[in-house]
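Residue 140 in the numbering used here sits at position 97 of the sequence shown, and the numbers go up by one each step.
These notes concern the structure reproduced below.
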Amino acid sequence: MKRIDQPMKISKPRKNHTGFTLIELMLVALLMGLVASAVLFTVDSSAPQKALKRQAKKMAALTEIALDQAVMTGRDYGMVVELGSYRFVELVEQRWQPLADDLLVEQQLKRAQLLLSVDGFPWSPDQLDFSSNALFSEREADLEQDQKEQKHIPQLLILSSGELTPFTVEWRFNESSEQMLTELQQRYRLILKADTLGMIEVKELGHD
């Protein structure tokens with residue numbers, strides 16, 4: 044019987060896997076951070092403009108709700124527009140006072156600035172007088188009540204007849220927000236426009 048010699052099996056030396064080095068891990072982390080930043084910038088580069096547009100559309104929606112309520116309830120409302128806020132008021136017993144409504148509450152705007160125009164001109168105190176004294180000139184004067192009412196006198200009327208003071212509000216970012224925005228974002232503008240019949244639209248300035 045012949046003897047068959049089996050070839051010797053030579054085992055290959057095992058490689059020692061020591062894992063990633065610290066430098067490699069740091070490079071991976073750096074690359075992941077750069078990719079995440081790029082994606083975040085791409086996704087959120089228009090986030091401030093979208094947020095501003097949502098606020099402007101909310102103002103339009105609340106104004107429409109106020110007009111509908113005025114018609115349905117037979118009450119006359121108004122709107123007070125300031126640089127960083129707006130609120131609704133109500134005419135009660137020939138006096139303007141805050142509107143007590145859970146939905147139509149005062150809106151404080153942290154990043155937005157509002158510029159009101161009426162009849163195509165920037166609003167000024169001597170442009171329109173919707174104080175109760177002007178609306179009800181036959182009423183007896185009451186200095187104490189006049190002073191209390193002063194901060195609630197609206198620039199815009201929202202009437203139970205379904206009529207609305209025609210106006211435009213330019214929406215832009217305020218100065219404190221501009222420090223965190225790009226130059227393009229700083230120039231971003233929105234126009235909210237309303238006519239006498241309560242037709243309200245919001246559009247980007249320079250866009251149809």
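Just so you know, even glycine gets a beta-carbon here, dropped at the ideal spot from N, CA and C.
Predicted, not measured: the structure shown is a model, and the values here were computed from it.
Note down the Cα distance separating Lys93 from Gln150, rounded to an integer number of angstroms. Position 50 of the sequence shown, counted from the first residue, corresponds to residue 93. Position 107 of the sequence shown, counted from the first residue, corresponds to residue 150. Distance between the alpha carbons of Lys93 and Gln150 is about 18 angstroms.
Which ranges would you report for the beta strand (DSSP E) in the stretch 151-211 if only whole runs of at least 3 residues count? 155-161, 199-201
Kindly indicate which residue of Asn176, Pro91, Lys101 has the alpha-carbon position closest to the one of Glu244. Residue mapping note: residue 244 aligns to position 201 of the sequence shown, counting from 1. Checking every option, the nearest Cα to that of Glu244 belongs to Lys101.
Could you spell out where the alpha helix (DSSP H) holding Ala103 opens and where it closes? As a working note, residue 103 is residue 60 in the sequence shown. From DSSP, the alpha helix (DSSP H) with Ala103 extends over 90-116.
Residues near Ala109 in its chain [Cβ-Cβ closer than 7 angstroms; skip 5 each side]: The residue given as residue 109 occupies position 66 in the sequence shown. Here the set comprises Tyr120, Phe131, Leu147, Ile201.
For the putative contact between Ala90 and Trp214, defined by C-beta atoms under 8 angstroms, what is the C-beta separation to the nearest angstrom? Here the question's residue 90 lines up with position 47 in the sequence shown. Here the question's residue 214 lines up with position 171 in the sequence shown. Between Trp214 and Ala90 the Cβ distance is about 16 angstroms, and since that is not below 8 angstroms, they are no contact.
Please report the straight-line C-alpha distance between Gln156 and Thr64, rounded to a whole angstrom. Within the sequence shown, residue 156 is the residue found at index 113, counting from 1. Within the sequence shown, residue 64 is the residue found at index 21, counting from 1. Each residue's Cα considered, the two are about 52 angstroms apart.
My output table needs one value for Glu213: the three-state DSSP class, helix, strand or coil. As a working mapping, residue 213 is identified with position 170 in the sequence shown. For Glu213, the secondary structure class from DSSP, reduced to helix, strand or coil, is strand.
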